[in-house]
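Peer 1: Structure in structure tokens, see below.
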Amino acid sequence: MLITRPEPGLTASCNAARELGLNPVAGPLFTVEPVDWEIEQAFDSVLIGSANVLRHGGDKLARLKEAPVYAVGDTTAAAVHASGLSVAFSGSDGLESCVDALLRDGHSRPLRLTGRRHTKLQPRPNLSVETVICYETQNQPLGAEAAKALENPCVIMAYSAAAVEAVEVEMARLGLATSQHMLLVISQRAANSATAQWQSVHVAERPDDAAMLAQARILCQRG
Numbered sequence: 068m069l070i071t072r073p074e075p076g077l078t079a080s081c082n083a084a085r086e087l088g089l090n091p092v093a094g095p096l097f098t099v100e101p102v103d104w105e106i107e108q109a110f111d112s113v114l115i116g117s118a119n120v121l122r123h124g125g126d127k128l129a130r131l132k133e134a135p136v137y138a139v140g141d142t143t144a145a146a147v148h149a150s151g152l153s154v155a156f157s158g159s160d161g162l163e164s165c166v167d168a169l170l171r172d173g174h175s176r177p178l179r180l181t182g183r184r185h186t187k188l189q190p191r192p193n194l195s196v197e198t199v200i201c202y203e204t205q206n207q208p209l210g211a212e213a214a215k216a217l218e219n220p221c222v223i224m225a226y227s228a229a230a231v232e233a234v235e236v237e238m239a240r241l242g243l244a245t246s247q248h249m250l251l252v253i254s255q256r257a258a259n260s261a262t263a264q265w266q267s268v269h270v271a272e273r274p275d276d277a278a279m280l281a282q283a284r285i286l287c288q289r290g
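Using my numbering, read the sequence shown as starting at 68 and increasing by one per residue.
Laid out in structure tokens, this is it:
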């Protein structure tokens, strides 16, 4: 199995995979860098889809301590708690489920903190979202060990739609076929972004690392 996420999640995922008896290969396709950011508008809630926001948001995150945070997945919610912020809702069905929740709670002006590459939210009546970029990813090629692993059938773990795109581009660059590999993704949106001919595409039951690894274990045992 090949894990493509960047650090610090990469090492944590590899260690957790080994505890499950798996043999992971690290193949990070991105580095993540902070971006200076400012809040321009008043907001009544915060929408966060990735723990990278908490890892790279810096001291300005302290400004959010009075606002309820709507987070995607348990990993992101845990990072929100660790940063001293308050989780109002942890959604397992992506950002749109978080938007549903904050609207139910009477909020209409969420601040969305995200990466430079992100998916636009669906327009909603009476909803005004300020989207602020606080980190960005830079693509990098696979290392020699990861490229070697892809010469044989493999479960490839992609943690975002951008990661799926990067995997497909990198495999094309290396001249490797996707048809012998199983692609495991963290969300249906990521699955929908796949354009190559994979052996199969699988979506984790929840958008978090534990669910990804549990599904990877099943796929590896299936062979």
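Here a beta-carbon is modelled for each residue, glycine too, at the ideal position from N, C-alpha and C.
Going by other Cβ atoms of all chains shown within 10 Å of its Cβ, with 16 needed for buried, is ASP276 buried or exposed?
Peer 2: ASP276 is buried by the Cβ-count criterion.
Peer 1: Using 8 Å for Cβ pairs, my map puts VAL78 next to THR204. What's the rounded Cβ distance?
Peer 2: For the sequence presented, residue 78 should be read as Thr rather than Val. Not quite, the Cβ-Cβ distance comes to about 17 Å (not below 8 Å), so this is no contact.
Peer 1: Hey, could you find the ends of the alpha helix (DSSP H) ASN82 is sitting in?
Peer 2: Unbroken alpha helix (DSSP H) run through ASN82: 76 to 86.
Peer 1: Tell me whether ASN219 is buried or exposed, calling it buried when 16 or more other Cβ atoms sit within 10 Å of its Cβ.
Peer 2: By the neighbour-count rule (16 or more Cβ atoms within 10 Å), ASN219 is not buried but exposed.
Peer 1: Considering only their Cβ atoms, is the gap separating GLY88 from LEU162 smaller than 8 Å?
Peer 2: Cβ atoms of LEU162 and GLY88: not closer than 8 Å.
Peer 1: I'd like the ranges of any alpha helix (DSSP H) spanning at least 4 consecutive residues and lying wholly in the region 211 to 254.
Peer 2: Runs found: 211 to 216, 228 to 241.
Peer 1: Taking ALA229 as the reference, give the member of ALA109, ALA213, ALA258, ALA283 with the closest Cα.
Peer 2: Selected option, being the one with the closest Cα: ALA258.
Peer 1: Would you please state the rounded distance, in angstroms, between the beta carbons of ALA263 and GLU235? I believe it to be under 8 Å.
Peer 2: Going by Cβ atoms, the distance from ALA263 to GLU235 rounds to 5 Å, so yes, they are a contact pair.
Peer 1: Go through its chain and collect everything with a Cβ distance to LEU209's Cβ below 8 Å, but skip five positions before and after it.
Peer 2: If we look at LEU209 and ignore the five residues flanking it on each side, its Cβ neighbours are GLY94, LEU96, LEU217, GLU237, LEU241.
Peer 1: If you drop the 5 nearest sequence neighbours on each side, which residues of the same chain put their C-beta closer than 7 Å to that of SER254?
Peer 2: Once the five neighbours on either side are set aside, the close Cβ partners of SER254 are GLY161, VAL270, PRO274.
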